[in-house]
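Student: My structure is below; once you've seen it, I'll send some questions.
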Amino acid sequence: DIAGQSIYCERTGGDYYDYLDLGDQHQGKIGIVVGDVSGHGISAALLMASARSSLRQRALISGSIAQIVSDVNRQLTRDVEESGRFMTLFCSEIDTQSQRIRWVRAGHEPAIFYDPATKIFEELKGPGMALGVDETWQYEEKQKLGLTKGQIIVFGTDGIWEAHNAKGDIFGKEALFEIIRQYAESSSKQIVAAIIDALNRFRQDVIPEDDVTLVVVKVVN
3 DIAGQSIYCE RTGGDYYDYL DLGDQHQGKI GIVVGDVSGH GISAALLMAS ARSSLRQRAL
63 ISGSIAQIVS DVNRQLTRDV EESGRFMTLF CSEIDTQSQR IRWVRAGHEP AIFYDPATKI
123 FEELKGPGMA LGVDETWQYE EKQKLGLTKG QIIVFGTDGI WEAHNAKGDI FGKEALFEII
183 RQYAESSSKQ IVAAIIDALN RFRQDVIPED DVTLVVVKVV N
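Here it is, written out as structure tokens:
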């Protein structure tokens, strides 16, 4: 059960999410990617589109997600080295057969893992530099075993928890955690809608300064 949404603060944005076809060698697996390009506007959107295309093409060739991200980083670094731009990325692979998630974190905020049975939150952390900084960087893969029904994984960009209102208050991750707790029995689509609604009510009339991207995965079997 997967749902996602991006909201841009300009007509073109540098946030993105995607579901990757990992090819025949990854049967029963789905790739989920969330990224955030530095800056906004057309140049950020173009870099995002280039990275998305590169990831989709590379994902169809055999290799781990760490190898996929390392190869895409090498190409992206060559493309942006004179511009100074970079891109953070969280790339994951969920294996529905072995009930496991693998991920690579390239300078991006950790994904959020919630288990309603224990009511415990966990951040899916890991080392890794943003894409476009060092073409020789070799990314590392982390994993979590034993996914069970009802568990929730939230991927997002910092435009969510760093959003502020007219008073200067920050939305924060605790507010996000509370919504996930309240809607833990709901579908991923309903959880996404609840988070976006809470964010809009918090900001009220304040114009967003950053893009917002959110993907929610709920384990259903």
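Letter by letter, the sequence shown follows residues 3 to 223 in the working numbering.
Each residue gets a CB set at the ideal place from its N, CA and C atoms; glycine is no exception.
Just so you know, these numbers come straight off a predicted model, no measurement behind them.
1. Out of 207, 22, 35 and 23, which one is the CA nearest neighbour of residue 8?
2. Alpha carbon to alpha carbon, how far is residue 103 from residue 67?
3. Kindly provide the ranges of any beta strand (DSSP E) runs that are 3 or more residues long and lie completely inside the stretch 41-122, ordered along the chain.
4. Alpha carbon to alpha carbon, how far is residue 89 from residue 169?
5. Mind checking residue 119: buried by the 16 CB within 10 Å criterion, or exposed?
6. Kindly give me the distance between the Cβ atoms of residue 53 and residue 37, rounded to whole angstroms, as I take these residues to be in contact under 8 Å.
7. Alpha carbon to alpha carbon, what distance is there between residue 47 and residue 92?
8. Where DSSP assigns a beta bridge to residue 189, which residues make up the other side?
9. Counting beta carbon pairs with one atom in the stretch 194-214 and one in the stretch 155-169, are three or more of them shorter than 8 Å?
10. What are the boundary residues of the beta strand (DSSP E) that residue 9 is part of?
11. In or out: residue 99 buried (at least 16 other Cβ within 10 Å) or exposed?
12. What residue range is occupied by the uninterrupted beta strand (DSSP E) comprising residue 153?
13. Among residues of its own chain, excluding the 5 on either side of residue 204, which ones have a beta-carbon nearer than 6 Å to its beta-carbon?
14. By the three-class DSSP mapping on this structure, what secondary structure does residue 24 have?
15. Excluding the 5 residues preceding and the 5 following residue 17 in the sequence, name in chain order all residues of the same chain whose CB lies nearer than 6 Å to its CB.
16. Inspect the CB distances between the stretch 150-157 and the stretch 113-133 and report whether three or more fall short of 8 Å.
17. With three or more beta-carbon pairs closer than 8 Å as the criterion, would you say the stretch 128-137 touches the stretch 63-82?
18. Considering residue 182, what are the terminal residues of the alpha helix (DSSP H) in which it resides?
19. Alpha carbons only, please: which of 101, 140, 192 and 63 is nearest the one belonging to residue 108?
20. Report the rounded CA-to-CA distance for residue 57 versus residue 189, giving the unit in angstroms.
21. Pick helix, strand or coil for residue 39, following the three-state DSSP scheme.
22. For residue 221, which of helix, strand or coil comes out of DSSP?
Tutor: This is what the structure gives:
1. What you label residue 8 is simply residue 6 of the sequence shown in a count that begins at 1. The shortest C-alpha separation from residue 8 is found at 35.
2. Walking along the sequence shown from the start, residue 103 turns up at place 101. Walking along the sequence shown from the start, residue 67 turns up at place 65. Distance between the alpha carbons of residue 103 and residue 67: 11 Å.
3. 89-97, 102-108 and 113-117
4. Here residue 89 refers to the residue found at position 87 of the sequence shown. Here residue 169 refers to the residue found at position 167 of the sequence shown. For residue 89 and residue 169, the distance between alpha carbons rounds to 30 Å.
5. For this step, residue 119 is matched to residue 117 along the sequence shown. Exposed: under 16 other Cβ atoms inside 10 Å.
6. Taking the sequence shown and counting its residues from 1, the one referred to as residue 53 is at position 51. Taking the sequence shown and counting its residues from 1, the one referred to as residue 37 is at position 35. About 6 Å separates the two Cβ atoms, so the contact holds.
7. Within the sequence shown, residue 92 is the residue found at index 90, counting from 1. Within the sequence shown, residue 47 is the residue found at index 45, counting from 1. Roughly 18 Å between the two C-alpha positions.
8. Counted from its first residue, the sequence shown places residue 189 at position 187. Answer is none; residue 189 lacks a bridge partner.
9. yes
10. As a working note, residue 9 is residue 7 in the sequence shown. Residue 9 -> beta strand (DSSP E) spans 4-9.
11. Taking the first residue of the sequence shown as position 1, residue 99 is located at position 97. It counts as exposed.
12. The residue you call residue 153 lines up with position 151 of the sequence shown. Note, residue 153: premise wrong, no beta strand (DSSP E); not H, not E.
13. The residue you call residue 204 lines up with position 202 of the sequence shown. For residue 204, where only same-chain residues beyond five positions count, the Cβ hits under 6 Å are 167 and 173.
14. Here residue 24 refers to the residue found at position 22 of the sequence shown. In the structure shown, residue 24 sits in coil (DSSP, three-state: anything other than H, G, I, E or B).
15. Taking the sequence shown and counting its residues from 1, one reaches residue 17 at position 15. Excluding sequence neighbours, residue 17 sits near 8, 38, 159, 213 and 215.
16. yes
17. yes
18. Position 180 of the sequence shown, counting from 1, holds the residue named residue 182. Counting along the chain, the alpha helix (DSSP H) containing residue 182 begins and ends at 174-184.
19. For the purposes of this step, residue 108 is taken as residue 106 along the sequence shown, with counting starting at 1. Among 101, 140, 192 and 63, the Cα nearest to that of residue 108 is on 140.
20. Position 55 of the sequence shown holds residue 57. Position 187 of the sequence shown holds residue 189. When rounded, the distance between both Cα atoms is 28 Å.
21. For the purposes of this step, residue 39 is identified with residue 37 of the sequence shown, where counting begins at 1. Strand.
22. For the purposes of this step, residue 221 is identified with residue 219 of the sequence shown, where counting begins at 1. It is coil, neither helix nor strand.
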